[in-house]
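Residues in the sequence shown are numbered consecutively from 2, following the numbering used here.
Note that CB positions come from ideal geometry on N, CA and C, so glycine has one too.
All values derive from a computational prediction rather than experimental measurement.
This report refers to the structure that appears directly beneath it.
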Amino acid sequence: MNLLAIGVIVAAATLAAATYLGLERLGRRGIAPAVARAIAWAALGLLLLNVSCPRSPEAGRPLVLLDASLSMTAAGARWDSAMSRARALGDVRFFGDERDDGDSLPTRGRSLLRPALAAAAASDRPVVVITDGEIDDVPDLPPDLLDRATVEVRARQAVADLALTALAGPTRVTAGDSIVLEAEVRASGDAPREGVTVAVAAGRGELARRAVPFDASGVALVRIAVPSAGLAAGDHVLRASVAGSGDGEPRTDARLHLVTIAATPGVVLVAAPGDWDARALYRALRDVAELPVRGYVRLGRDSWHSMSDLGTVPSDAVRRAARGADLLVLKGSANGFTEGLRARGIWSWPSGENGETLLAGDWYLSAVESSPVAGAFLGLPVDSFPPATRVTPIEPQPGTWVALEAQDRRRGASRAVVTGRDEGRVRRVTVAADGLWRWAFRGGSSEQGYRAWVAATASWLLGGADSVRGAARPVRAVVQNGRPIVFEWAQPGAPRELGIGLNGGGGGRTDTLRFDGSGRALLRLPPGSYQYRLSDGGTGTLAVEEYSDEFVTRSPGLLARESRAPRPSARTLARDWIWLFGLAVAALAAEWLLRRRLGLR
């Protein structure tokens, strides 16, 4: 504290004492208000003169933001030298992904700089960023924020590497179907580019392999069909790997894919008898549904055929498929197919086969804005689409929503023709109109509306409670190294905490899923495959890959640069002390209260 500040404080104390003890002669009663006035005048005097004081040594010490993403430990990276440099420069803060647990190891699965840089810039201390330059959010960094920092780049050295950068395939197939996987392999550095072999294994047994050449840019696209005949029903973690690569970064050589082998398909369409509506619906479901789709049509009295190739299918096989489906679509007669179902969604299309009344006409449809599938018709002229040829009168029950209404020749009262209802574990949709196949047949906006409606309806029906997966389910069952597994609340009502038990990855462990306001909870696990069980009974399989995009060599997006912000002064001014303003106001208020108690104005 300098002499001017001391002088202001002494002058304020002297004037306050002279006022209360000399002029007003209050004696001991005036001590308390005198102290309050001395504090207030001293604070105001310091603010008016804007006195300065030396900053503490820590205030001028740089904040060092050190990149702690996995790329800092990849082949050719320089983590040890970066850590030593950061500790020598100042106070170290680690950045990478969204976590804020203070972990000082480079285990983060992303390289996000903006949140850490914004927080450091608010401290008014010099900021230094030490990184390998492979930052994910460089385009999102405001120039003025980046100008506040000095950036030191320790780029990793180039190594020969064959990286399996992408792996995609179906998440569920029916037993006996092939699992078609699509993979991408990239060559970097001095890696050989004559060709590459990708092998797929489950457990210790290899299922398939294929060799493909690289293109001119060093990329190989692999499409490999894996038979499911040797896999039992249930979840399987498939491992696709670059066979015998022996390159500089082995953690990029393999990827994982979780697939569920189901004894029955996920979506089953039973048409009895078959008609144009059944054929159009089957094609649309195969195009938009993520689950395996099977269609069965009755030709003749009791002859069932597959809708994919018209092959003959025993009626018992059709019933088994219907009982095991997640989504059962019943077109026409439903006799014998509604017993013992475990489906989450049932989609019924009555067409008079069970004695329902049919009303022929030109029934033009219009969308109801309040239904869960209303988004499928947004901006589409539904009332100008081809009309339905006939409708079945239905009366919506309380709690039933209506998606489409129909008017005969656009006149008279509207009739509900597409309705839905949530019955807890099971969701139901009823379509009481024939001739909607003409929407798909016509093309253009009507075909777009038909496909969007089929997709939205199937999605809503499959959104019902799943007793196997439980109250929460993972958004992605396989994640990269360093990334969290995200669980999403899947039950009605507010989410609650759930216990979770895990087996795998070298042992067992327990944890708790705590959901945020959006109904999501994060779980971080080391690489490995895990079987999980929720406290409400839900079960499933999870996998964390050893692979991370951070291990794949990328061009540095952030380059070395010097800070363009002025160096902070070695002294701090009184008007920078926000607390001093508050102290002045509080002291004046205290003096006023004390004077009122003494009967003074």
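query, result
"Just the Cα atoms here: how many angstroms apart are A588 and W580?", "12 Å"
"Which residue comes first and which comes last in the beta strand (DSSP E) that contains Q449?", "From DSSP, Q449 is part of no beta strand (DSSP E) but of the alpha helix (DSSP H) over G445 to L462."
"Check each candidate in A75, R29 and W42 and name the one with the smallest Cα separation from F552.", "A75"
"Based on DSSP bridge pairs, tell me the residues matched to T313.", "H306"
"Applying the criterion that 16 or more other CB atoms from any shown protein chain within 10 Å of the CB defines a buried residue, is T420 buried or exposed?", "buried"
"Using a threshold of 8 Å, state whether the C-beta atoms of A407 and W440 are closer than that.", "no"
"Along the chain, where does the beta strand (DSSP E) containing R428 start, and where does it finish?", "R428 to V432"
"Once DSSP output is grouped into helix, strand and coil, what is the label at W277?", "helix"
"Considering just the uninterrupted stretch of the alpha helix (DSSP H) at T15, what are its terminal residues?", "L4 to A18"
"Between the segment 130–144 and the segment 247–266, do at least 3 Cβ pairs fall closer than 8 Å?", "no"
"Give me the Cα-Cα distance between L300 and L381, rounded to the nearest whole angstrom.", "36 Å"
"Going by other Cβ atoms of all chains shown within 10 Å of its Cβ, with 16 needed for buried, is D327 buried or exposed?", "buried"
"Between the Cα of P373 and those of M73, R429, L239 and A566, spot the shortest distance and give me the residue it belongs to.", "R429"
"Can you list, in chain order, the residues of its chain with a C-beta nearer than 7 Å to that of L168? Leave out the 5 residues immediately preceding and following it.", "L182, A184, A241, R256 and H258"
"CB-CB under 8 Å to A322, same chain, minus the five flanking residues each way: which ones, in chain order?", "T265, P266, V269, R295 and Y297"
"In the DSSP assignment, the alpha helix (DSSP H) including D81 goes from what residue to what residue?", "W80 to L90"
"Measure the alpha-carbon distance for L118 versus G444 and round it to whole angstroms.", "52 Å"
"By a C-beta neighbour count over all protein chains shown, 10 Å radius and 16 as the cutoff for buried, is N482 buried or exposed?", "buried"
"Residue range of the alpha helix (DSSP H) that G436 falls in?", "From DSSP, G436 is part of no alpha helix (DSSP H); its letter is neither H nor E."
"Assign R11 to buried or exposed, taking buried as 16 or more other Cβ atoms, counted over all protein chains shown, within 10 Å of its Cβ.", "Per the sequence shown, the amino acid found at residue 11 is Val instead of Arg. Exposed is the call here."
"Here's a check: name, in chain order, each residue in its chain whose Cβ is nearer than 6 Å to the Cβ of Q158, leaving out the five neighbours to either side.", "G77"
"For P475, I'd like the list of residues in its chain whose CB is within less than 8 Å of its CB, leaving aside the five on either flank, ordered along the chain.", "I486, V487, F488, E489, G541 and L543"
"Runs of 4 residues minimum, wholly inside the segment 337–362: which ones carry the alpha helix (DSSP H) assignment?", "none"
"What does a CB cutoff of less than 8 Å around G450 pick up in its chain, not counting 5 residues either side in sequence?", "A377, F378, L381, V383, F386 and W440"
"Tell me whether the segment 148–155 and the segment 125–134 touch, counting them as touching only if at least three CB pairs, one residue from each stretch, are closer than 8 Å.", "yes"
"Using CA atoms only, rank isn't needed, just tell me which of G8, G235, L45 and T20 is closest to R576.", "L45"
"Using the Cα positions of S468 and L535, report the straight-line distance between them to the nearest angstrom.", "With a pLDDT of only 49 at S468, under 50, the local geometry of the prediction cannot be trusted, and no value is derived from it."
"Using only the alpha-carbon positions, how far apart do P107 and S70 sit?", "5 Å"
"Tell me the residue span of the beta strand (DSSP E) that contains R525.", "Taken as a continuous stretch (DSSP letters only), R525 belongs to no beta strand (DSSP E), as it is neither H nor E."
"Could you have a look at I501 and say whether DSSP puts it in helix, strand or coil?", "strand"
"Does the segment 279–288 come within contact of the segment 188–198, defined as at least 3 CB pairs closer than 8 Å?", "no"
"Where L584 and A17 are concerned, what is the direct C-alpha to C-alpha distance, given to the nearest angstrom?", "16 Å"
"Under a Cβ-count criterion, where at least 16 other Cβ atoms within 10 Å of its own Cβ denotes burial, should T358 be classed as buried or exposed?", "exposed"
"Pair every Cβ in the segment 511–521 with every Cβ in the segment 490–498, then say whether three or more of these pairs are closer than 8 Å.", "yes"
"Could you have a look at G71 and say whether DSSP puts it in helix, strand or coil?", "The question names Gly, but residue 71 is Leu in the sequence shown. Three-state result, L71: helix."
"Please report the distance separating the alpha-carbon of A591 from that of T20.", "16 Å"
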